[in-house]
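Structure first, then comments.
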Amino acid sequence: MTTLFDDLPLRGLDPARLPTAVPPRTDDDSGWQADRAARADALLEGLNPPQREAVLHHGSPLLIVAGAGSGKTRVLTHRIAHQLATGRVRPSEVLAITFTNKAAAEMRERVADLVGSAARAMWVSTFHSACVRILRREHAAVGLRSSFSIYDAADSQRLITLVTRELDLDTKKFPAKGLASRISALKDELVDPEAYARSGDADDVLASVYARYQDRLRQASAVDFDDLIMRTVQLLQAHPGVAEHYRRRFRSILVDEYQDTNHAQYVLVRELTGHGDVREDAVPRAELTVVGDADQSIYAFRGATIRNILEFEADYPDARTILLEQNYRSTQTILSAANAVISHNPGRKPKRLWTDAGAGAKIVGYVADNEHEEARFVAQEIDRLGDDDGVRPGDVAVFYRTNAQSRALEEVLIRVGLPYKVVGGTRFYERREIKDAVAYLRAIANPDDDVNLRRVLNVPKRGIGDRSEAMLAAFAERERISVGAALERVEEAPGIGSRGVTQLQGFRELMTGLRELAAGGAGPAEVLGAVLDRTGYLAELRASDDPQDASRVENLAELHAVATEFEQAEPDGDLADFLERVSLVADADQIPAEDVADGAAEGGPREDQGVVTLMTLHTAKGLEFPVVFVTGWEDGTFPHMRSLADPDQLAEERRLAYVGLTRARRRLYISRAAVRTAWGAPNEFPASRFLADVPDELVDWRRRESSMAALRAGGSGWGGGASAWGRGGGGYRRDDDGGSVIGSGRPPRRADADRSGGTPPRTARGSSSPKASAPIPTLAVGDRVTHDSYGMGRVVALEGSGPNAVAKVEFGTHGTKRLLLRYSPVTKL
DNA sequence: ATGGAAATACTTTTT
DNA sequence: GTATTTCCAT
């Protein structure tokens, strides 16, 4: 979808990227009618037959099953342009929904290339942005301020912590995180607190937390991410007039990444298209187009249901389905590997990507002894490709399963001097100083936003302690007003010492002054500047000699730059508009759209070679790179430990592998490390089960086995033994379980030595770790144990094995704990 | 009320 | 190993 590298020559591989023959629409309308048919036809040029069909289809709902790299964005944009060109739909009647803001921006741009300025009238946005837009327009109907706050995951966890405290629940026993994810899951299913309480198997604690949480959100005029969707659906269902307005407005609705939609989003689409409305006089249903690929569904953990795409034809009985299987991105070798890996997923609709681009280079495989060696190999190859093949750093991406894995790679890239950039990780808007600054802005825009007000009440330190805060909150509670409103009447609140009252008054004056500034028409940047100044936040950071604080100042400067930029782009935007933007950014949005590898073209400065991009496999979805490294192919790393036991989660991991492999255009590398340091201690990891699914003839193994495995297999020394990892060696391939694809029943891991049948299995797994550790107790469910601080307990569940084994232990009065056995002082009785 | 030390949990993946 | 949280001393 994203085309960071359109400028790269990819010989004969890319008919879909030929320049389009459609001239931008001029403002001279006289020729418009006459040109219409010609324009519409021109949009079909350069498309293959199924793509053409997908553009032409109209009348009934359309599902486009678009394999990776099959030109789906091209089809979508051409379809929109075609709908406009034939006059069936006007620009303002188009609603195109994507997964990320970046994808939305790209789609808008590419439609604009086809239809010109008319693109501006369309809604091209994410689910969340579209819902914010609707909710802000209809805020009165849902009982929100127009400047309502949007809480991110951290904000809602904060609020949940407050709620559990208020309910006198043990925050240890009911961690906010767990409650938050369960509430989120309920919202994804459109279950509101009342409905949940009424349902048969409701958990009392969850029900009361959920009800109170939702109440507090309402009081604070705030919504969380899931509310954006749920409350929009509720709005449309409760107010037929409003629903009708939007049904009349949107005549063509297109949803990208449909496999990632959850139930709430599914219902939202039905509401908007009017498919739920069976009345005689209903607005005619909007044209519905969904695009997706079940094999690329990697967000089930967040509530996405493949069901939505698998059952599309059942949900919309007259639906038409079109398959796009021709790939314009990768070589056949890469596609064959990806097809082979994904084909092991059970219950999948068959689909095989193909290309006429030829086989291309073999996939390069590498087994490193540890993650540093793996990183070294990656860096060395990037360097070599630069010399031999003219590959620029900007052409290369390195993927990994979890963010923590970026560290070893970064260390090596810094050492060898390769420029790189990590996408994601600790996100900009999650940094403490940014959250603090944004919290001020939110509290200014929305005086009832208690979570954010309380966050900054004593930041920077101004002598307002827990006690004063608690008294103020208690007063607010009694008066049934928000803490913000209570602050206006601090003098009436009992139990606050005179110093506390003074401090709170000072804070109140501060906020009042800032609100006046904002109300007086100051832009977001000016308000932000005033916040940083008047609160003393910036002064405090500047005064500090902690180098971390220096970088905090820089981050705040960057936020200020973002605000300034926003003011220039949206001169009419107010603080609430800015906050909306800030609340809905994602990792993937931070990937530079064009400048990564541009500029090195003819005449450009030689230095501008772009930078190597490091990111997780999840973030990589939708992107493509000429050269891709997928690292960490180890059972326990990828597939991740926590998915090994569950076939569904394992299937999702496999889809993740599929996504990773299909990002590569020309060259693909897969690597693993035999030993990887996680949580501070080195562990041995066996080869990923997914590796065995990559056909051996597609892979050029540069190194087939780790030194350790070679030794164990009876090799005669270090490094030398060609027998150890040369051709015929008993490499990674497993003969004993090649056919087992689900792997739910078997032990999650086994040592390499077990497989090659050489040395007998070592007694304590993980003992090969350089750091000899205390023996890890072998536990079984039901065992009784003692813990140095929790006392006696009983094992109720086990996860993983070896050094990373985690036991869930019930400790009577101390509740149930998840313990990483390696670190926990537990003894078997 | 605040700051520092010590304990402790943590690692999927994110709109 | 790191970031956050908790506890204790001031």
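Going by the working numbering, the first residue of the first sequence is number 442, and it counts up by one from there. A virtual CB, placed ideally from N, CA and C, is assigned to each residue, including glycine.
Would you call residue i buried or exposed, if buried means 16 or more other Cβ atoms sit within 10 Å of its Cβ?
| i | result |
| --- | --- |
| W1120 | exposed |
| V819 | buried |
| L608 | exposed |
| A984 | exposed |
| A991 | exposed |
| T541 | buried |
| G788 | exposed |
| V931 | buried |
| Q767 | buried |
| Q700 | buried |
| R919 | exposed |
| W795 | exposed |
| F742 | exposed |
| I521 | buried |
| E1094 | buried |
| S1230 | Confidence at S1230 is low in this model, with a pLDDT of 48, below 50, so the placement of that residue is unreliable and no value is reported for it. |
| D734 | buried |
DSSP beta-bridge partners for residue i?
| i | result |
| --- | --- |
| A1122 | A1119 |
| T1057 | Y841 |
| E1075 | A1128 |
| T567 | T539 |
| A745 | N703 |
| H1081 | G1077 |
| G733 | V506 |
| A663 | S590 |
Would you give the residue range spanned by the alpha helix (DSSP H) that residue i belongs to?
| i | result |
| --- | --- |
| M671 | F666 to A679 |
| Y707 | H704 to T714 |
| P1088 | P1088 to L1102 |
| Q489 | At residue 489 the sequence reads Asn, which differs from the Gln that was named. No alpha helix (DSSP H) contains N489, which DSSP labels as neither H nor E. |
| A809 | Looking at the DSSP string, A809 is not in any alpha helix (DSSP H); the run it does join, the beta strand (DSSP E), is I804 to N811. |
| A621 | A617 to D629 |
| Y757 | No alpha helix (DSSP H) holds Y757; DSSP gives it neither H nor E. |
| D990 | P988 to A1010 |
| E395 | Only positions 442 to 1270 of the chain appear in the structure, and residue 395 is not among them; the question remains open. |
| D907 | D907 to E920 |
| V924 | V924 to E929 |
Which of helix, strand or coil does DSSP assign to residue i?
| i | result |
| --- | --- |
| R1113 | strand |
| H498 | coil |
| E728 | strand |
| W1159 | Note that W1159 scores 40 on pLDDT, short of 50, meaning its location in the model is unreliable; the coordinates nonetheless yield the value given after this. Looking at W1159 - three-state DSSP - the assignment turns out to be coil, as it is neither helix nor strand. |
| A537 | strand |
| D1141 | strand |
| T762 | strand |
| G941 | helix |
| L882 | helix |
| V632 | coil |
| A1105 | strand |
| P888 | coil |
| L982 | helix |
| L695 | strand |
| P1067 | strand |
| T518 | helix |
| A798 | coil |
| A479 | helix |
| Q767 | strand |
| V683 | helix |
| Q1050 | coil |
| D644 | coil |
| E721 | coil |
| S738 | coil |
| G970 | helix |
| L1016 | helix |
| A779 | helix |
Residue i lies in the beta strand (DSSP E); which residues open and close that run?
| i | result |
| --- | --- |
| A507 | L503 to A507 |
The ligand FAD and residue i: does the residue's C-beta get closer than 6 Å to at least one heavy atom of that ligand?
| i | result |
| --- | --- |
| D734 | The ligand content of the structure shown is nil, which means the ligand FAD is not present either. |
Sequence ranges, beta strand (DSSP E) only - wholly within the region 834-876, length at least 3: Runs of beta strand (DSSP E) with 3 or more residues, each lying fully within the region 834-876, are found at 837-841 and 861-863, listed in chain order.
Whole runs of the beta strand (DSSP E) within the region 583-612, excluding any shorter than 3 residues: Here the runs fully enclosed are 590-592.
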